[in-house]
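Working notes for the structure below.
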Amino acid sequence: MGAKPSLLQAAAHGDVSLVKLALERGEVVDIKDENGWTPLLFAAREGFEGVVRLLLYYDATPDLPGKTGSTPLMWAAFTGHEGVVQILLERKAKVNAQNVVGATALGLAAQSGHASVVQLLLNCGATVDLADSDGWTPLMQAARISHTDVVRLLLNNKAQVNAVNDQGKTALHMAAAEGNNGIVRLIQEFVQQCETPLEFTSSMI
1 MGAKPSLLQA AAHGDVSLVK LALERGEVVD IKDENGWTPL LFAAREGFEG
51 VVRLLLYYDA TPDLPGKTGS TPLMWAAFTG HEGVVQILLE RKAKVNAQNV
101 VGATALGLAA QSGHASVVQL LLNCGATVDL ADSDGWTPLM QAARISHTDV
151 VRLLLNNKAQ VNAVNDQGKT ALHMAAAEGN NGIVRLIQEF VQQCETPLEF
201 TSSMI
């Protein structure tokens, strides 16, 4: 495997001065490596706000995805870099973009338990119940991994507690399967008629 071009390497290491030098030399701002990674994807994933701002100043494409379809916003949301998420949203990154498995920035932030990022995405128009290709909503992701603060945020933003994934499971099933009684009680407060699930699953994806 060959060495990364200098712009990619500089962005991946958060070196603003080298990124600027490479751009001033005329390197292509949206250059991709052999795995489909751009400078902006690297910088967003690592939370390098200065590099992200500089790349966008030089007209990096905010929503250019890698091979898996994940955008810079998705990576910043997944890794919890709220500042980068804010910058990308200010540059009109598509808040409801989906990758090849249907994941969204909101779903990834919920899965990782980044409540402040979840709130920011919701404030900027993220669709609270947009599911991935397996039918998993952000609420299901947060309930499965027991992120109580995120579950509360999603419920307060009208997440559908009765939505089911492709296996017919709801967020309540996810919480019960993980033994998180606090989340089970929290979800029960948001349903008019609630029945504790009788079926539990031990092999959730």
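For the sequence shown, UniProt numbering gives the first residue as 1, with consecutive numbering after it. Ideal placement from N, C-alpha and C gives every residue a C-beta, glycine not left out.
Nearest C-alpha to His114 among Val184, Val16, Lys158 and Leu153: Leu153.
When the alpha-carbon of Val84 is set against those of Thr127, Val51 and Ser17, the nearest one is in Val51. One thing to note: Leu40 has its Cβ within 8 Å of the Cβ of Pro72. Annotation for Ile31: Pro5, Leu7, Leu8, Thr38 and Pro39 place their beta carbon closer than 8 Å to its own, counting only its chain and skipping 5 residues before and after. Contact between Met74 and Leu121 is absent: CB atoms are separated by about 10 Å, not below the 8 Å threshold.
For Leu130, same chain residues with a beta-carbon under 8 Å away, outside a window of 5 residues either side, are Asn96, Gln98, Thr104, Leu106, Gly107, Thr137 and Pro138 in chain order.
If the five residues before and after Phe78 are omitted, its C-beta is found closer than 6 Å to the C-beta atoms of Leu108 and Ser112, all from its own chain and listed in chain order. Just measuring C-alpha positions, the residue of Ser70, Ile183, Gln167 and Val117 sitting nearest Thr148 is Ile183.
The alpha helix (DSSP H) runs lying completely inside the segment 117-182 and spanning 4 residues or more are 138-144, 148-156 and 171-177, given in chain order.
Boundaries of the alpha helix (DSSP H) harbouring Gly83: Glu82 to Glu90, taken from the DSSP string. In this structure, DSSP gives Arg25 a state outside helix and strand, which the three-state scheme calls coil. Uninterrupted alpha helix (DSSP H) stretches at least 4 residues long and entirely within the UniProt repeat "ANK" (35-67) occur at 39-46 and 49-57, given in chain order. As the crow flies, the alpha-carbon of Ala175 is around 5 Å from that of Arg144.
Here Phe190 has Leu155 and Val161 as same chain residues with Cβ atoms under 8 Å from its own Cβ, once five neighbours each way along the sequence are excluded.
Taking the Cα of Asp59 as reference, the smallest distance to any Cα among Glu82, Lys92 and Thr68 is reached at Lys92. The beta carbon of Pro62 sits closer than 6 Å to the beta carbons of Leu88, Arg91 and Ala93 from its chain, once the five residues preceding and following it are set aside; these are given in chain order. When Ala110, Glu178, Gln86 and Tyr57 are compared, the shortest CA-CA separation from Leu23 is found for Tyr57. In this structure Ser146 touches Asn180 by the C-beta definition: roughly 4 Å separates them, less than 8 Å.
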